[in-house]
Structures are given as C-alpha cells and as structure tokens.
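Heads up: the structure comes next, in structure tokens.
2 protein chains.
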Amino acid sequence: MKENAIGVFDSGLGGLTAMKELCRLLPREDIVYFGDTSRVPYGTRSPETIIRYTRQDLNFLSEFHVKAALVACGTISAVALDKVKDEYPFPVIGVIDSAARAAARCSENGRIGIIGTPATIKSGAYERILHEIAPQCRTMSIACPLFVPLVENGHIEKNDPLIVNAIELYLSQLLPFRPDTVILGCTHYPIIAHTIGDYVGDNVRLINPGREAAKTVRDMLNVRGLLSGRETGSHRYFVSDSIENFETLGGIFMRRSINGEVHKIDIEKY
Amino acid sequence: MKENAIGVFDSGLGGLTAMKELCRLLPREDIVYFGDTSRVPYGTRSPETIIRYTRQDLNFLSEFHVKAALVACGTISAVALDKVKDEYPFPVIGVIDSAARAAARCSENGRIGIIGTPATIKSGAYERILHEIAPQCRTMSIACPLFVPLVENGHIEKNDPLIVNAIELYLSQLLPFRPDTVILGCTHYPIIAHTIGDYVGDNVRLINPGREAAKTVRDMLNVRGLLSGRETGSHRYFVSDSIENFETLGGIFMRRSINGEVHKIDIEKY
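Chain order of the listed sequences is H and P. So the first sequence is numbered by our numbering: it starts at 1 and just counts up by one. So the second sequence is numbered by our numbering: it starts at 271 and just counts up by one.
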C-alpha cells in the first residue's frame with residue numbers, strides 16, 4: 001500500500017500547479033494525474049453535472065489503487081467533494097479545507113478575501129468552513145470568470161493589458177474591504193499570483209490552495225505510515241482530450257517541461 | 271413533412287444569434303434549438319471529440335423528425351459537418367459555405383479576413399471553400415480565443431476595456447492586410463460586431479454567417495416545397511446543462527427575452 005500511487009485530478013490542467021507542489025514535497029512518490037480536458041471548464045457548469053463528472057474522475061483513478069487522491073480543483077472541492085468522497089476506499093483531499101485553515105492562521109486583521117470561479121464562489125464553501133473554524137473572521141468573495149480563459153490563452157505576463165484589466169475589474173471591489181489575506185481559490189490563479197500581488201499590495205498574503213493541500217496529503221500519509229520508501233517516484237499524466245496541446249499548456253502550469261508519460265483516455269466510460 | 275420542425279444546434283448558446291435570424295426570416299416555422307451547454311466550448315477541443323459530440327447533437331434532433339438542421343456553430347461546421355452530414359436523412363446546413371459565398375460576392379478588392387475560434391481557424395475550412403469558389407481572393411485568418419468567454423461574461427459594450435483590448439490584440443494583425451470584407455466566423459461574434467466594426471472601419475463589410483445560413487435554409491426549403499403553411503411557428507429550446515442561466519445568457523444572444531419552452535436533456539444518451 002505504501003508504494004501505491006497518489007492520484008491528482010482536475011477539470012483540466014490548472015491542477016498541475018498543485019501537482020507541482022506535490023512533486024516538490026514528495027519526490028519519492030508515484031503520482032498519477034488526470035486532467036478532464038475534454039470537459040473543461042467545470043467552473044461554469046451546474047452542481048449536478050460537476051458531481052457526475054467528479055465520480056467519473058475518481059472511478060478512473062480508482063483503477064490505479066491509489067492510496068490517496070488530491071482534488072486539485074477549487075470547483076470540484078467546493079461543489080462535489082462532500083457528496084462523493086465517502087464512496088471511495090481511499091482518502092480524497094480537497095483544496096478548500098487546508099486553504100481556509102492556512103488563511104485563518106495567516107490573517108491578523110480577520111478580513112479574508114476569496115477569489116474563484118463562479119461555481120466555487122456560488123457554493124459558499126470557503127465562507128462556510130472559515131466561519132466554522134474562525135468565527136471572528138469576515139470574508140468577501142468575488143467570482144473572476146475570465147481568469148481561467150486568460151491564463152489558458154497565455155495572458156500571464158505582468159504587463160499584459162488583458163490580465164491587468166481583468167484583475168482591476170474584479171479586485172477593485174476587494175480593496176475597500178481591506179483584506180490582509182486572499183485565497184486564490186482556483187488552481188489557475190497561482191500562475192498570475194505576481195500580477196494579483198502587485199495589484200493588492202505587498203501587505204496582503206496570498207494563499208495557494210494547491211500548496212496547502214499538498215502539505216495536507218504529505219502530513220496525512222506520514223501519520224498513517226504510508227509514505228513511499230523508494231528512491232524516486234514516477235509521474236504519469238492522463239487527459240480526456242487530445243494530448244497535442246498538453247505539453248505546451250502543461251508547461252505553463254508546471255513552469256517547466258513535463259517529465260513522464262502522457263495518455264489519452266475516454267472518461268465517459270468510467 | 272412541410273409542417274415538421276427545423277432543428278438548430280450549437281455547442282452552447284452562441285447559435286441563438288443564428289436562431290434569431292431564422293425566426294425573423296421564417297416566422298411560420300416550428301424550430302427546435304439544442305445548445306450543448308454542458309460541453310461548451312467545442313472550439314478548443316480536438317477534431318475527434320468535436321465529431322463525436324456533433325453526432326450526438328444530430329441524433330438528438332433526429333428524434334423530432336426535423337426537415338432540416340442548421341449547424342449554428344462555426345467550429346462544428348468547420349471541423350465535423352463534412353464527416354457526419356451524409357449519415358442523416360435530412361439536409362444539414364452549416365455556416366461556412368453560405369458565409370464564404372457572401373464574402374466572395376461582397377469583396378471588391380478580393381482581400382477577405384476570417385476570424386474565429388482556434389478550431390475553426392486551424393481547420394482552414396473558410397480558406398478552402400473561398401479558394402475554390404473565388405480563386406482570385408486572398409485571405410487572412412486569425413484565431414480569437416478570448417472573444418467567446420468575453421461575450422459569455424457580458425463584456426459586450428462598446429467601451430468595455432476588456433473587449434476593446436482583445437479586439438486590438440487580435441485584429442491589429444488584420445489591418446495591414448487591408449481586407450474590405452471580414453467573416454465573423456463564430457456565432458458569438460455578431461454580438462460584438464459594433465465594436466469590431468468601429469475598430470476595422472466603416473469601409474469593411476462584416477459577414478454574419480448565421481444570417482447567411484438562415485437564408486440558405488429558407489431558399490433550400492422553398493425550392494423543395496417544404497416551407498410551412500401554418501400561421502405562426504413555435505420555438506422549443508433544449509440544453510444539456512442547467513436551464514437556470516439560459517434565460518439570462520440566452521437574452522444576450524437573442525437580444526430579447528426567450529419565448530418558448532426550455533428543457534434540459536442528457537446528451538450523453540444520444
């Protein structure tokens with residue numbers, strides 16, 4: 001069981017930002033990544049559709065007898081995780097819980113901003129858990145629907161006028177709330193964290209949920225005695241649409257070229 | 271057969287711009303619209319996925335015994351139409367052919383610009399047919415991947431900085447080519463035609479493929495003696511994701527509120 005792989009999945013390739021953190025923290029682990037690129041984005045879909053897709057994603061990862069699964073997607077974690085996680089024999093770790101705890105720990109003025117896809121924001125998942133673990137905190141949540149298409153089309157440089165305009169459009173509402181901590185509630189957002197950071201200012205701490213969830217996976221495997229003892233782990237990647245663009249777009253998210261096999265699968269069969 | 275419905279379908283709701291033209295031209299016809307909102311967008315997916323989805327869309331419309339189907343989507347028309355249209359007992363009309371003919375008729379200097387989704391542009395479908403019907407024409411094609419998410423998020427006003435920036439980003443490459451005619455090769459683009467028109471100038475004619483295809487459907491039914499004789503046609507709408515946002519987003523594309531029933535279906539079953 002110790003030598004079984006860890007599964008990581010996302011609606012697309014944004015989850016590779018969490019994969020990257022997991023690879024960095026746990027270099028000895030085999031990791032299987034699934035990106036549902038034929039059905040991306042989930043963030044604008046209805047809850048029932050997101051839940052159905054999530055079951056199929058986890059059914060696929062089950063075939064690898066994974067010892068744990070990391071849901072590297074804010075939308076799935078917010079909308080579907082609680083509905084499906086008990087159906088599987090392995091722990092399924094989302095990005096919401098650890099990110100909310102990290103934000104509550106970091107915030108000194110108790111004012112926490114949350115940005116994410118429309119589905120994540122509409123779910124209220126971050127507020128719910130923050131109000132539970134840190135009832136004194138106040139939150140402000142803003143949906144940023146254009147950040148995903150902008151990142152996926154390569155608008156990630158600091159001076160790119162489209163990303164600068166979009167950040168201003170969405171985050172100008174956040175500044176009067178004076179948050180000292182902002183949760184980047186979508187795995188695409190760490191890619192533009194530098195530009196978001198420039199806009200909100202140095203005194204605002206940005207929380208990367210993929211990084212926090214990767215730490216939670218490490219700690220959970222450690223406590224259960226399930227960390228791998230091998231020298232170096234291998235990485236396998238699966239997508240549901242053509243692998244043609246995977247290396248290019250994947251490179252944006254991993255910030256380096258992808259090492260490991262890439263395969264295409266038919267997710268509708270799971 | 272004359273009183274059977276006309277089917278219209280699209281990867282999402284952009285095709286409603288073509289639906290609107292068809293309703294205007296043929297007010298006596300029953301029309302069934304299907305928008306594959308659970309799997310939108312098609313424009314960034316691989317050809318094999320687009321072809322599989324298109325078959326499912328047409329299988330669904332077949333259940334209404336439609337007398338004709340209008341493919342109200344640049345991507346499907348460009349990538350999948352030729353592969354699947356002969357599998358159905360009714361004519362399937364795409365947007366490419368009529369728009370290319372209209373552009374060839376309109377252009378005086380023989381320089382035609384084509385803008386569309388990455389899949390439409392990559393397919394080369396517009397160039398192929400233009401070079402066949404008007405070999406003297408020169409073409410320049412530009413993929414505009416952000417126009418769809420911008421329109422779907424309501425960035426459609428003339429002074430919206432994001433749509434203005436995106437138009438400048440994509441179309442600045444087109445101006446030195448000096449086209450006198452530009453094909454709006456995606457059914458979302460007529461919504462921002464005023465802002466595109468401002469940028470390219472009054473002397474450039476913009477072709478709306480949905481309007482041209484609606485005329486082709488009318489002429490084809492007329493020639494075959496298949497136009498309906500009833501007083502007023504009814505309109506039914508089907509989507510594959512939640513109908514919750516249909517009225518709002520649908521209103522953007524129809525430029526008026528939607529009249530007619532709206533139902534949700536499971537497109538994976540077809």
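Glycine included, C-beta positions come from ideal geometry on N, C-alpha and C.
Against Asp511(P), the close residues of chain H are Arg45, Ser46, Thr49, in the order they occur along the chain (beta-carbon pairs closer than 7 Å). A direct Cα-to-Cα measurement between Ser347(P) and Pro209(H) gives close to 40 Å. Cβ-Cβ distances below 7 Å link Ser377(P) to Cys407, Asp450, Thr451 in the same chain, with the five nearest sequence neighbours on each side left out; the list follows chain order. Just measuring C-alpha positions, the residue of Arg178(H), Ile252(H), Lys269(H) sitting nearest Asn109(H) is Arg178(H).
Gly116(H) is not a Cβ neighbour of Ala99(H), given a cutoff of 8 Å. Along the stretch 296 to 372 of chain P, the alpha helix (DSSP H) occurs as fully enclosed runs of 4 or more residues at 317 to 332, 344 to 349, 351 to 354, listed in sequence order. Residues are counted here when their Cβ sits less than 9 Å from a Cβ of chain P; for the stretch 144 to 159 of chain H these are Pro145, Leu146, Val148, Pro149, Leu150, Glu152, Asn153, His155, given in chain order.
Every unbroken stretch of the alpha helix (DSSP H) spanning 4 or more residues and falling wholly within the stretch 153 to 233 of chain H is given here in chain order: 161 to 171, 193 to 200, 209 to 223. Sequence-distant partners of Val354(P) (beyond 5 residues in either direction) whose C-beta falls short of 8 Å from its own C-beta, in its chain, are Ile321, Thr324, Arg325, Leu328, Val362. Inclusion of Leu227(H) and Lys20(H) in the CB contact set at 8 Å is not warranted, their separation being larger than that value.
Contact of Ala166(H) with chain P is assigned, a C-beta pair being separated by under 8 Å. Only Glu268 from the stretch 253 to 268 of chain H bring a Cβ to less than 8 Å from some Cβ of chain P. Per the C-alpha coordinates, the member of Val204(H), Ser38(H), Thr44(H) positioned closest to Gly313(P) is Ser38(H). Within the DSSP bridge table, the entry for Ala104(H) names no partner. Linking Leu13(H) to Met254(H) through their CA atoms gives a straight-line distance of about 9 Å. Following the DSSP letters along the chain, one finds Arg398(P) inside the alpha helix (DSSP H) bounded by residues 395 to 403.
Sorting Ser442(P), Ala436(P), Cys456(P) by C-alpha distance to the C-alpha of Gly364(P) places Cys456(P) at the top. Against chain H, the beta carbon of Arg298(P) has no neighbour under 7 Å; the closest one sits roughly 35 Å away. Residue pairing from DSSP places Thr409(P) in a beta bridge opposite Ile382(P). For Glu517(P), the uninterrupted alpha helix (DSSP H) segment begins and ends at 516 to 524.
A distance of 8 Å or more separates the beta carbons of Leu439(P) and Leu420(P). Shown in chain order are the members of the stretch 436 to 454 of chain P whose Cβ falls below 9 Å from a Cβ of chain H: Ala436, Glu438, Leu439.
Secondary structure at Lys264(H): strand, using DSSP grouped into helix, strand and coil. Spatial neighbours of Ile265(H) in its own chain (CB-CB distance under 7 Å, excluding positions within 5 residues in sequence) are listed in chain order as Phe60, Phe238, Ser240. Within the stretch 343 to 368 of chain P, no residue has its Cβ closer than 8 Å to any Cβ of chain H. Residue-level contact check: Ser308(P) touches chain H, since one or more beta carbons of chain H fall below 8 Å from its beta carbon. Here Glu127(H) has Thr139 as same chain residues with Cβ atoms under 6 Å from its own Cβ, once five neighbours each way along the sequence are excluded. In this structure, the CA atom of Asn165(H) is about 26 Å from the CA atom of Gly520(P).
Straight across, the Cα-Cα distance linking Arg475(P) with Leu454(P) is about 10 Å. Residue contact check for Pro161(H) against chain P: a CB pair falls below 8 Å. In the three-state DSSP reduction, Ile276(P) falls in the strand class (E or B). Residues of chain P with a Cβ closer than 9 Å to the Cβ of Glu244(H) are, in chain order, Ser316.
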